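Here the structure comes first, spelled out in structure tokens, and everything after it is commentary.
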Amino acid sequence: MFPGNPRSSLRRSGRFSVDEVYGLNHSMKVRPRVELKRRGENGSVTAQLQPNGRGKEIQTGQCQGNQSGMTYRNLGKSGLRVSCLGLGTWVTFGSQISDEVAENLMTVAYEHGVNLFDTAEVYAAGRAERTLGKILKKKEWRRSSYVVTTKIYWGGQAETERGLSRKHIIEGLRGSLERLQLDYVDIVFANRMDPNSPMEEIVRAMTFVINQGMAMYWGTSRWSAMEIMEAYSVARQFNLIPPVCEQAEYHLFQREKVETQLPELYHKIGVGSMTWSPLACGLITGKYTDTVPEKSRASFKGYHWLKEKAISQEGKKQHSKVKELHPIADRLNCTVTQLAIAWCLRSEGVSSVLLGVSNIEQLLENLGAIQVLPHLTPQLVTEIDQILGNKPNLKKDSRA
1 MFPGNPRSSL
11 RRSGRFSVDE
21 VYGLNHSMKV
31 RPRVELKRRG
41 ENGSVTAQLQ
51 PNGRGKEIQT
61 GQCQGNQSGM
71 TYRNLGKSGL
81 RVSCLGLGTW
91 VTFGSQISDE
101 VAENLMTVAY
111 EHGVNLFDTA
121 EVYAAGRAER
131 TLGKILKKKE
141 WRRSSYVVTT
151 KIYWGGQAET
161 ERGLSRKHII
171 EGLRGSLERL
181 QLDYVDIVFA
191 NRMDPNSPME
201 EIVRAMTFVI
211 NQGMAMYWGT
221 SRWSAMEIME
231 AYSVARQFNL
241 IPPVCEQAEY
251 HLFQREKVET
261 QLPELYHKIG
271 VGSMTWSPLA
281 CGLITGKYTD
291 TVPEKSRASF
301 KGYHWLKEKA
311 ISQEGKKQHS
321 KVKELHPIAD
331 RLNCTVTQLA
341 IAWCLRSEGV
351 SSVLLGVSNI
361 EQLLENLGAI
371 QVLPHLTPQL
381 VTEIDQILGN
391 KPNLKKDSRA
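If you're matching positions, the sequence shown starts at 1 in UniProt numbering and goes up one per residue.
Here it is as structure tokens:
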């Protein structure tokens, strides 16, 4: 069914469909999503939400249940159920915020139905994983009640401490598990493609860590559609385990991959999408409209690229388009932030959207996007598309 040398097929100069190269199984059916509401568990924080983010209340006591109406989706076509909103740790954990604030964020998130926590070996040079691990150990939540994901690629300075060699995938994941104080992660992601590692070696190493009980699933991050297809091909050819999910940047101004390439992978091979940066690193919130606030992400060392993007001509155009979205948000009685996150959730194949927040107020506002989603009609989506003027051409070749 599959070509003997997938890489040689990828180098062909002629046009071809993914079906022709990989002999995909068209009998694979899309399972309908069944939205389940999670019962709240006893806890120490109560947080009440309203769609527009106003009227929030935080108090000590027992959790009053899932106030946000969290919904759950299958991760791609796997059986793993994840909250449609997850909590990310990039920039924040082990860096921008204190461990105490991080614990409060995780507590409120968990008690509002969030069961997905994402990190990476490279975040804050491993401190993000350590912080996440300490909090999970302290909270003593049932391990079966939440999902932890981490990403492997940049581990250290040595040549053998980065990339996707078998050595680093195995040793890197062991290091992550030690920092997280966990026996396993639910998903390990290959945090971008490694041109120096053969695809078969990568897939075999991921299969090994799953078979060893170090991870339940594996996925990709920042991979092209054709690289994901190649991994699937290798897995099918050698009876190995294929990836179940791609982590991709997705927001109002970054649409091409998630809307034109990943849906085809979802329907054909079951790979879902876990998306990050729904607010374009804060650009959509309006915080960078006039200046770069102190202690904002763009003010940090190493994030000059974000500052330059915010003050660039393209950034100013994006700020202008965000302002045009305010009337739509007002009609829905929500904030533009909530509208932008709900807009991400409406996309086909998106299993979960990862949130990046630094305080409780931001978290509660973000969680309120769930209440906006049912009101995001096709007519409103069309109106948003007309404002943005960047809807991808769905007829484009999806070879990435």
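For glycine and all other residues, C-beta sits at the position ideal for the given N, C-alpha and C. A quick note: this is a predicted structure, and the numbers were derived from the prediction, not measured.
- When the Cα atoms are used, A205 and S165 turn out to be separated by approximately 8 Å.
- Per DSSP, reduced to three states, the secondary structure at N191 is strand.
- Listed in chain order, the non-local C-beta contacts of L380 below 7 Å within the same chain comprise I328, local neighbours out to five positions each way being set aside.
- Counted as a single uninterrupted DSSP element, the stretch harbouring T377 is not any alpha helix (DSSP H), since DSSP gives it neither H nor E.
- For the set A280, I210, M70 and Q371, the Cα lying nearest the Cα of L85 is the one of M70.
- Only buried fits A231, as 16 or more other CB atoms lie within 10 angstroms of its CB.
- The shortest CA-to-CA distance from W218 to any of L240, S312 and I360 is the one to L240.
- Take the alpha-carbon of G286 and the one of V234: they are about 44 Å apart.
- No Cβ-Cβ contact shorter than 8 Å links V336 with C344.
- Counting other Cβ atoms within 10 Å of its Cβ, K138 stays below 16 and is therefore classed as exposed.
- Straight across, the Cα-Cα distance linking I210 with S312 is about 44 Å.
- A contact is defined here as three or more CB-CB pairs under 8 Å, and the stretch 147–154 fails this definition with respect to the stretch 89–103.
- Look at W141 here: in three-state DSSP terms it is coil, with no helix or strand label.
- Out of G356, L80 and K321, the CA that lies nearest to the CA of G389 is found in K321.
- The C-alpha of L325 is placed about 21 Å away from the C-alpha of W276.
- Taking 3 residues as the minimum length, the beta strand (DSSP E) runs contained wholly in the stretch 77–138 are 81–83, 85–88 and 116–118, in order along the chain.
- A direct Cα-to-Cα measurement between L265 and G272 gives close to 8 Å.
- About 16 Å separates the CB atoms of G133 and G155; that is not less than 8 Å, and the two are not in contact.
- A distance below 8 Å separates the beta carbons of R73 and S351.
- Judged by DSSP in its simplified three-state form, R222 adopts coil rather than helix or strand.
- Going by C-alpha positions, Q338 is about 16 Å away from V114.
- Ranked by Cα distance from N359, the options A125, P378 and M106 are led by M106.
- Sequence-distant partners of I228 (beyond 5 residues in either direction) whose C-beta falls short of 7 Å from its own C-beta, in its chain, are T220, P243, E246, L265 and V271.
- About 5 Å separates the CB atoms of S176 and E121; that is less than 8 Å, so the two are in contact.
- In the structure shown, the three-state DSSP call for Q181 is coil.
- Taking a 10 Å sphere around the C-beta of T92, we find 16 or more other C-beta atoms and assign the residue as buried.
- Within 10 angstroms of the beta-carbon of P392 lie fewer than 16 other beta-carbons, which makes it exposed.
- Remark: C-beta atoms of M216 and D186 approach each other more closely than 8 Å.
- Y153 places its beta carbon 8 Å or farther from that of N196.
- For the 8 Å CB-CB criterion, R127 and G88 do not form a contact.
- M216 sits in a strand when the DSSP states are folded into three classes.
- One thing to note: L283 has its Cβ no nearer than 8 Å to the Cβ of A340.
- Judged by DSSP secondary structure, G315 falls within the alpha helix (DSSP H) whose first and last residues are Q313 to R331.
- Shown here, K151 sits in a strand according to DSSP, grouped into three states.
- Secondary structure of S233 (DSSP, three-state): helix.
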